[in-house]
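Just so you know, the protein sequences line up as chains A and B, in that order.
With positions in the first sequence counted from 1, the corresponding number in my numbering is that position plus 630.
With positions in the second sequence counted from 1, the corresponding number in my numbering is that position plus 630.
2 protein chains.
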Amino acid sequence: MISQVVCLSGGVGGAKLVQGLSYVVNGSDLIVACNTGDDFDHLGLRICPDIDSVLYALGGLSDQQRGWGRRDESWTFMAALKGFGGPDWFNLGDGDLATHVLRTDGLNRGKSLSEVTLNLAQALGIDACILPMSNGPIATIVNTNEGPLAFQHYFVREQCQPEVTGFSFDLIEAATPQPDIIRALGNGPKTVVIAPSNPYVSVDPILELAGMREAVTSSGAPIVAVSPIIGGQAVKGPAAKMMRELGKDVSVLGVAQHYQGFIDGLVIDELDATFAAEIESMGIQTLVAPTLMTDIDSKIALAEHTLGFAESLTK
Amino acid sequence: MISQVVCLSGGVGGAKLVQGLSYVVNGSDLIVACNTGDDFDHLGLRICPDIDSVLYALGGLSDQQRGWGRRDESWTFMAALKGFGGPDWFNLGDGDLATHVLRTDGLNRGKSLSEVTLNLAQALGIDACILPMSNGPIATIVNTNEGPLAFQHYFVREQCQPEVTGFSFDLIEAATPQPDIIRALGNGPKTVVIAPSNPYVSVDPILELAGMREAVTSSGAPIVAVSPIIGGQAVKGPAAKMMRELGKDVSVLGVAQHYQGFIDGLVIDELDATFAAEIESMGIQTLVAPTLMTDIDSKIALAEHTLGFAESLTK
Chain A
631 MISQVVCLSG
641 GVGGAKLVQG
651 LSYVVNGSDL
661 IVACNTGDDF
671 DHLGLRICPD
681 IDSVLYALGG
691 LSDQQRGWGR
701 RDESWTFMAA
711 LKGFGGPDWF
721 NLGDGDLATH
731 VLRTDGLNRG
741 KSLSEVTLNL
751 AQALGIDACI
761 LPMSNGPIAT
771 IVNTNEGPLA
781 FQHYFVREQC
791 QPEVTGFSFD
801 LIEAATPQPD
811 IIRALGNGPK
821 TVVIAPSNPY
831 VSVDPILELA
841 GMREAVTSSG
851 APIVAVSPII
861 GGQAVKGPAA
871 KMMRELGKDV
881 SVLGVAQHYQ
891 GFIDGLVIDE
901 LDATFAAEIE
911 SMGIQTLVAP
921 TLMTDIDSKI
931 ALAEHTLGFA
941 ESLTK
Chain B
631 MISQVVCLSG
641 GVGGAKLVQG
651 LSYVVNGSDL
661 IVACNTGDDF
671 DHLGLRICPD
681 IDSVLYALGG
691 LSDQQRGWGR
701 RDESWTFMAA
711 LKGFGGPDWF
721 NLGDGDLATH
731 VLRTDGLNRG
741 KSLSEVTLNL
751 AQALGIDACI
761 LPMSNGPIAT
771 IVNTNEGPLA
781 FQHYFVREQC
791 QPEVTGFSFD
801 LIEAATPQPD
811 IIRALGNGPK
821 TVVIAPSNPY
831 VSVDPILELA
841 GMREAVTSSG
851 APIVAVSPII
861 GGQAVKGPAA
871 KMMRELGKDV
881 SVLGVAQHYQ
891 GFIDGLVIDE
901 LDATFAAEIE
911 SMGIQTLVAP
921 TLMTDIDSKI
931 ALAEHTLGFA
941 ESLTK
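1. List the residues of chain B whose Cβ lies closer than 9 Å to the Cβ of F781 of chain A, in chain order.
2. From the beta carbon of V731 of chain B, is the nearest beta carbon of chain A less than 9 Å away?
3. Check whether chain A comes within 9 Å of T753 of chain B, counting only Cβ atoms and requiring the distance to be less than that.
4. Find the residues of chain B that neighbour G716 of chain A, judging by a C-beta separation of less than 7 Å, and give them in chain order.
5. Just the C-alpha distance for S848 of chain B and G725 of chain B, rounded to the nearest angstrom, thanks.
6. What residues in the segment 638 to 656 of chain A have a beta carbon less than 8 Å from any beta carbon of chain B?
7. Tell me the rounded alpha-carbon separation between F707 of chain A and G723 of chain A.
8. Under 8 Å: do the segment 724 to 740 of chain B and the segment 791 to 800 of chain B share three or more Cβ pairs, one atom per stretch?
9. Three Cβ pairs or more, each shorter than 8 Å: is that satisfied between the segment 660 to 672 of chain A and the segment 801 to 811 of chain A?
10. Of the residues B:G674, B:A751, B:T916 and B:F720, which one's Cα is nearest the Cα of E900 of chain B?
11. So which of B:Q752, B:E875, B:T774 and B:A769 has the shortest CA-CA distance to L839 of chain B?
12. Return helix, strand or coil for G850 of chain A, following the three-state DSSP convention.
13. In chain A, what lies closer than 9 Å to S827 of chain B by C-beta?
14. Which bits of chain A does S704 of chain B rub up against, with CB to CB less than 7 Å?
15. According to DSSP, simplified to helix, strand and coil, what is P835 of chain B?
16. For I760 of chain B, which beta-bridge partners are listed by DSSP?
17. Give the residues of chain A in contact with N738 of chain B, contact being defined as C-beta atoms less than 7 Å apart.
18. Do the segment 816 to 824 of chain A and the segment 771 to 786 of chain A touch if we need at least three Cβ pairs shorter than 8 Å?
19. So, does the CB of D834 of chain A fall closer than 9 Å to a CB anywhere in chain B?
20. Residue range of the beta strand (DSSP E) that I824 of chain B falls in?
21. So, V833 of chain B versus L932 of chain B, is the Cβ gap smaller than 9 Å?
22. Could you check whether the segment 745 to 753 of chain B touches the segment 672 to 686 of chain B, counting it as contact only if at least three pairs of C-beta atoms, one from each stretch, sit closer than 8 Å?
23. Does DSSP classify Q782 of chain B as helix, strand or coil?
24. Short of 7 Å in beta carbon distance, which residues of its chain neighbour M631 of chain A, apart from the five on each side in sequence? Order them along the chain.
25. Measure the C-alpha to C-alpha separation of T747 of chain A and T921 of chain B and round it to an integer number of angstroms.
26. Answer with yes or no whether the minimum CB distance from R843 of chain B to chain A is below 9 Å.
27. Hey, could you find the ends of the alpha helix (DSSP H) S683 of chain B is sitting in?
28. Give the range of the beta strand (DSSP E) segment to which F670 of chain A is assigned.
29. For D735 of chain B, which residues in chain A fall below 7 Å Cβ to Cβ?
30. Which of the three DSSP states is assigned to D879 of chain A in this structure?
31. Could you check whether the Cβ of A709 of chain A sits closer than 9 Å to any Cβ belonging to chain B?
32. Does the segment 819 to 828 of chain B come close enough to the segment 634 to 651 of chain B that 3 or more CB-CB pairs lie under 8 Å?
33. Helix, strand or coil, according to DSSP, for T904 of chain A in the structure here?
34. Counting only C-beta atoms, is L839 of chain A closer than 9 Å to chain B at any point?
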């Protein structure tokens, strides 16, 4: 019996659901395809924020208060960097640096990003299969009223202030999906889950990879997304602001419209139950469930709801 | 009037005297030629322990209690590295990492080690001219009864336990001295100081560089060394153990023998005053002075004694 679950995920919000899924899906049957469009080189270090969010979540290392990075973190490196007049717009925690240094060293020694990620995950005792969407470099560009911005420049340096006009994904034409993702999709997985991540900058880069969208739709598995929008707001990050600036419905309706024709089901929050009928009329089944993940119990519950809902949709 | 002082220095002990010198020599008239034979690549980072000891000393950042590295240091990176099963034999402080990351990034962008070092020094407000002995890679090898060991493997990983049989300096034939050092020596400096650093693994690599020994001797300046051995013991590090294992006199006599024919004067500690006559009979002038540097006053005093002594020797 095929029991694999493939989850397409961005960073923090996605990582929360992935953590929930890791409690209800058996070990390496959980395959996580992580967005790498946010990845960038900083001070010569390769930084992969979404992979790291998933690693830290599954490794039990996430900081719950701050909402990103590692718990028990310290910031002596940043203080010293500032003392040298180094670039301080991107915060690198001291413990977080170990991830970046080990990854960069591995890549420089000729390992692929997936090998390096696997090594990091194994060292943390993670059984789930955490994979970069691609081993090739891809860079999400946020087009704004101030011109195109590399994702981290938009997200961190400019704190999402510029008005968004669209997105592009540099180097995506030359990149191929990580082969194990395509293999898992080809094996007839039980479910494909789209985590509650930013549709534009976390999920779209994954789906825009050559062959990825086709591999998902032809997998035969129900495709279920969890809305990252609750009550017209993003739980975290600029998704709602982006939707508004792009002239979309800033609601679960906008999410449904974005994924229309691709997903089979959408999990929406109880706050958004009134939208269910309209979404269903778009050919998307809905499940109304609590989608705000505030602790491990709510993560596991949402994972269970999502997988149960998917099972009810089995094609 | 030429007032430049060229100081050949290793790490911690040398850095203390360099700090003293920086109080009595005007700004960039102090030229420090730092040993780079201890430098190595670790986790993809270029680590230059002796340059960093001098940078931290002159930048007022040295940790006085620990005796190496930066004050107000934290160790979260090492804890995270261990959590990933990474190599933990070499301690990298969180603040110290900023130096290594900035240096490595600069080198990877095509800067020379002297440019990178200059940038770091300027950022710390250091006026003295801190230079690597060479921009080329040179690796001190400690030959031992357990076979040849890269310096940091001998020094840190093996904690200086293996018995030393000799030394070699990999790649030194292909390396050239840093040009500003040769230029300063050619300008007729006032004094050449050999800091109280390990003669075998801190000073010899500098002097073994093609043309360096000749540039020092033909500079016309008095060459004065400060003994790293006090009362038959090294203040810090394996110098005394090495002397014993190499069958040398473990005393200031051994130091004098090592530098005989090269230096004009040797500063020895009051504890070793009885050796003065024998050292003078070897053609080396001596100054007896307190050489243990425990605080900034004793560093400055030793710097003043050393320069005054050198002046009395003017050729």
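Using N, Cα and C, we set each Cβ at its ideal position, and we do this for glycine too.
On the basis of the data shown:
1. Taking the first residue of the first sequence as position 1, residue 781 of chain A is located at position 151. Within chain B, no residue comes near F781 of chain A; the closest Cβ sits about 20 Å away, beyond 9 Å.
2. By one-based count along the second sequence, residue 731 of chain B stands at place 101. Closer than 9 Å: yes.
3. For the purposes of this step, residue 753 of chain B is taken as residue 123 along the second sequence, with counting starting at 1. The sequence shown places Ala at residue 753 of chain B, not Thr. Yes, contact with chain A.
4. As a first step, residue 716 of chain A must be located in the first sequence, where it is residue number 86. In chain order: A728 and L732.
5. As a first step, residue 848 of chain B is located in the second sequence; it is residue number 218 there, counting from the start. As a first step, residue 725 of chain B is located in the second sequence; it is residue number 95 there, counting from the start. Distance between the alpha carbons of S848 of chain B and G725 of chain B: 41 Å.
6. none
7. Within the first sequence, numbered from 1, the residue matching residue 707 of chain A stands at position 77. Within the first sequence, numbered from 1, the residue matching residue 723 of chain A stands at position 93. If I take the Cα positions, the gap works out to 7 Å.
8. no
9. yes
10. Residue numbering aside, residue 900 of chain B sits at position 270 when the second sequence is read from its first letter. For E900 of chain B, the nearest C-alpha among the options comes from B:T916.
11. Start at 1 with the first residue of the second sequence, and residue 839 of chain B comes out as number 209. Residue B:A769 is the option with its Cα nearest to L839 of chain B.
12. For the purposes of this step, residue 850 of chain A is identified with residue 220 of the first sequence, where counting begins at 1. Correct three-state label for G850 of chain A: coil.
13. Position 197 of the second sequence, counted from the start, is the residue given in the question as residue 827 of chain B. Those do not exist, as S827 of chain B stays about 25 Å from chain A at its closest Cβ, beyond 9 Å.
14. Here residue 704 of chain B is taken as the residue at index 74 of the second sequence, counted from 1. Under the 7 Å cutoff, chain A gives S704, T706 and D724.
15. Position 205 of the second sequence, counted from the first residue, corresponds to residue 835 of chain B. Here P835 of chain B sits in helix by DSSP.
16. For the purposes of this step, residue 760 of chain B is taken as the residue at position 130 of the second sequence. Answer is B:V662.
17. Numbered from 1 along the second sequence, position 108 holds the residue referred to as residue 738 of chain B. What N738 of chain B touches in chain A: G674.
18. Contact between the segment 816 to 824 of chain A and the segment 771 to 786 of chain A is absent, because fewer than three Cβ pairs lie under 8 Å.
19. Locating residue 834 of chain A in the first sequence gives position 204, where the first residue counts as 1. It does not; no Cβ of chain B falls within 9 Å.
20. Your numbering for residue 824 of chain B matches position 194 in the second sequence. Where I824 of chain B is concerned, the enclosing beta strand (DSSP E) stretches over T821 to I824.
21. Within the second sequence, numbered from 1, the residue matching residue 833 of chain B stands at position 203. Within the second sequence, numbered from 1, the residue matching residue 932 of chain B stands at position 302. No; because the gap between Cβ atoms is not below 9 Å, this pair is not in contact.
22. yes
23. Position 152 of the second sequence, counting from 1, holds the residue named residue 782 of chain B. Helix, per DSSP.
24. For the purposes of this step, residue 631 of chain A is taken as residue 1 along the first sequence, with counting starting at 1. The predicted position of M631 of chain A is uncertain, since its pLDDT is 49 and thus under 50; no value can be drawn from it.
25. Taking the first sequence and counting its residues from 1, one reaches residue 747 of chain A at position 117. Taking the second sequence and counting its residues from 1, one reaches residue 921 of chain B at position 291. Roughly 52 Å separates the two Cα atoms.
26. By one-based count along the second sequence, residue 843 of chain B stands at place 213. No - not a single Cβ of chain A is within 9 Å of the one on R843 of chain B.
27. Taking the second sequence and counting its residues from 1, the one referred to as residue 683 of chain B is at position 53. From DSSP, the alpha helix (DSSP H) with S683 of chain B extends over P679 to L688.
28. For the purposes of this step, residue 670 of chain A is taken as the residue at position 40 of the first sequence. Where F670 of chain A is concerned, the enclosing beta strand (DSSP E) stretches over F670 to H672.
29. For the purposes of this step, residue 735 of chain B is identified with residue 105 of the second sequence, where counting begins at 1. Those within 7 Å of D735 of chain B in chain A are L673 and G674.
30. Taking the first sequence and counting its residues from 1, one reaches residue 879 of chain A at position 249. DSSP places D879 of chain A outside both helix and strand once states are collapsed to three, so it counts as coil.
31. One-based indexing of the first sequence puts residue 709 of chain A at position 79. A709 of chain A counts as touching chain B.
32. Touching, per the Cβ criterion.
33. Here residue 904 of chain A is taken as the residue at index 274 of the first sequence, counted from 1. Of the three classes helix, strand and coil, the one that applies to T904 of chain A here is helix, per DSSP.
34. By 1-based counting over the first sequence, the position of residue 839 of chain A is 209. It does not; no Cβ of chain B falls within 9 Å.
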